[in-house]
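Chemist: The opening position of the sequence shown corresponds to residue 6 in my numbering, with each subsequent residue numbered one higher.
The beta-carbon is built from N, C-alpha and C at its ideal position, and this holds for glycine as well.
One structure is given below, represented as structure tokens, and several questions about it will come after.
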Amino acid sequence: MKKYVSESWGKDSLAMLLMMIERGETPDEVVFYDTGVEFKAIYDTRDKVLPILASHGIKYTELQPEQSFIYNMLDRLVNERSGGTHYGYSWCGGVCRWGTSQKIKALKAHTFDGLDYVGIAYDEPHRLTKNYRPNKRFFLYDNEVTEADALQYCYDRGFYWEENGIKLYEILDRVSCWCCGNKNLKELKNIFLYLPEYWERLKALQSRTERPYRRREGITIHQLEKRFINEINKRA
6 MKKYVSESWG
16 KDSLAMLLMM
26 IERGETPDEV
36 VFYDTGVEFK
46 AIYDTRDKVL
56 PILASHGIKY
66 TELQPEQSFI
76 YNMLDRLVNE
86 RSGGTHYGYS
96 WCGGVCRWGT
106 SQKIKALKAH
116 TFDGLDYVGI
126 AYDEPHRLTK
136 NYRPNKRFFL
146 YDNEVTEADA
156 LQYCYDRGFY
166 WEENGIKLYE
176 ILDRVSCWCC
186 GNKNLKELKN
196 IFLYLPEYWE
206 RLKALQSRTE
216 RPYRRREGIT
226 IHQLEKRFIN
236 EINKRA
């Protein structure tokens, strides 16, 4: 049966891919769903690995959403249950993970005829049943590879996810989309401090959507910026 690797180019799925190749369990095809809003370090990692795939005769496929992420977030005409309409799904995250739903649907359709290897680490058992399909395989979990193991494995092979001279995994829990609505306060503050270009992009998006970034608390990106500045000034 055909073996697919669903690759995000983050630490877990990359470690899985490299381990499979090194152990002679080479997949037939690597599939990446490009949201269009990944960190540059993700695309740099992809570009570094593509020659490795080619040297092993592994097919590489990229999937994309039918419309751009920004269009879906801000400009798409959305029908409301009440009968009204509004533009854009707004921030993707929490109970409204519309971008994730599109990704899962696309990967499911592409890998239906084979085994789909996904990067879920040994210390993430709660993720095994999420969006479960019988054809999914959990290489890292089955081999008891933790998140820390996966990251170190990648570091040992020269993959660091660096931007502005900073390893993203040292300031972010997950190197997911830079505009992911699930980022915690620590991650957001680190983006503000160390990745100002992405912070400016977040502010630009917030200026175009009424929904606050932190929906439950009703806190916008602009309010978070004021909070972070106040915290910094108090420590000065």
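1. Assign residue 107 to buried or exposed, taking buried as 16 or more other Cβ atoms, counted over all protein chains shown, within 10 Å of its Cβ.
2. Starting from the C-beta of residue 165, find all residues in its chain whose C-beta is less than 7 Å away, skip the five residues before and the five after it, and write them out in chain order.
3. Given this structure, state the Cα-to-Cα distance separating residue 233 from residue 194, to the nearest angstrom.
4. Inspect the CB distances between the stretch 95 to 104 and the stretch 184 to 199 and report whether three or more fall short of 8 Å.
5. Per DSSP, residue 98 forms a beta bridge with which residues?
6. Answer yes or no: do residue 191 and residue 119 have a C-beta to C-beta separation smaller than 8 Å?
7. Considering only C-alpha positions, which residue in the set 87, 131, 115, 134 is nearest to residue 66?
8. Exposed or buried, residue 13, counting other C-beta atoms within 10 Å across all chains shown (16 or more means buried)?
9. Looking at residue 144 and residue 21, is the spacing between their C-beta atoms short of 8 Å?
10. Output the distance between the C-alpha atoms of residue 79 and residue 230, rounded to the nearest integer angstrom.
11. Can you give the beta carbon distance from residue 126 to residue 68, rounded, assuming they're within the 8 Å contact cut?
12. Rounded to the nearest angstrom, what separates residue 213 and residue 27 at their Cα positions?
13. Return helix, strand or coil for residue 91, following the three-state DSSP convention.
Modeler: According to the structure data:
1. What you label residue 107 is simply residue 102 of the sequence shown in a count that begins at 1. By the neighbour-count rule (16 or more Cβ atoms within 10 Å), residue 107 is buried.
2. Sequence index remark: in the sequence shown, residue 165 carries index 160 (1-based). Result list for residue 165: 172, in chain order.
3. The count along the sequence shown starts at 1 and reaches residue 233 at position 228. The count along the sequence shown starts at 1 and reaches residue 194 at position 189. Cα to Cα, the separation comes out at about 7 Å.
4. yes
5. On the sequence shown, residue 98 is found 93 positions in, with the first residue counted as 1. DSSP output for residue 98 lists 101 as bridge partner(s).
6. Taking the sequence shown and counting its residues from 1, the one referred to as residue 191 is at position 186. Taking the sequence shown and counting its residues from 1, the one referred to as residue 119 is at position 114. The answer is no: Cβ separation not under 8 Å.
7. By one-based count along the sequence shown, residue 66 stands at place 61. With distances taken between Cα atoms, residue 66 lies closest to 115.
8. What you label residue 13 is simply residue 8 of the sequence shown in a count that begins at 1. Classification of residue 13: buried, given that the 10 Å Cβ count is 16 or more.
9. Against the sequence shown, residue 21 aligns to sequence position 16. Against the sequence shown, residue 144 aligns to sequence position 139. The answer is yes: Cβ separation under 8 Å.
10. As a working note, residue 79 is residue 74 in the sequence shown. As a working note, residue 230 is residue 225 in the sequence shown. Near 22 Å, if we compare the C-alpha coordinates of residue 230 and residue 79.
11. Position 121 of the sequence shown, counted from the start, is the residue given in the question as residue 126. Position 63 of the sequence shown, counted from the start, is the residue given in the question as residue 68. That belief does not hold up - the Cβ atoms of residue 126 and residue 68 are roughly 23 Å apart, past 8 Å.
12. In the sequence shown, counting from the first residue as 1, residue 213 sits at position 208. In the sequence shown, counting from the first residue as 1, residue 27 sits at position 22. Residue 213 and residue 27: Cα-Cα distance of roughly 46 Å.
13. Along the sequence shown, one-based indexing puts residue 91 at 86. In this structure, residue 91 counts as strand in the three-state DSSP scheme.
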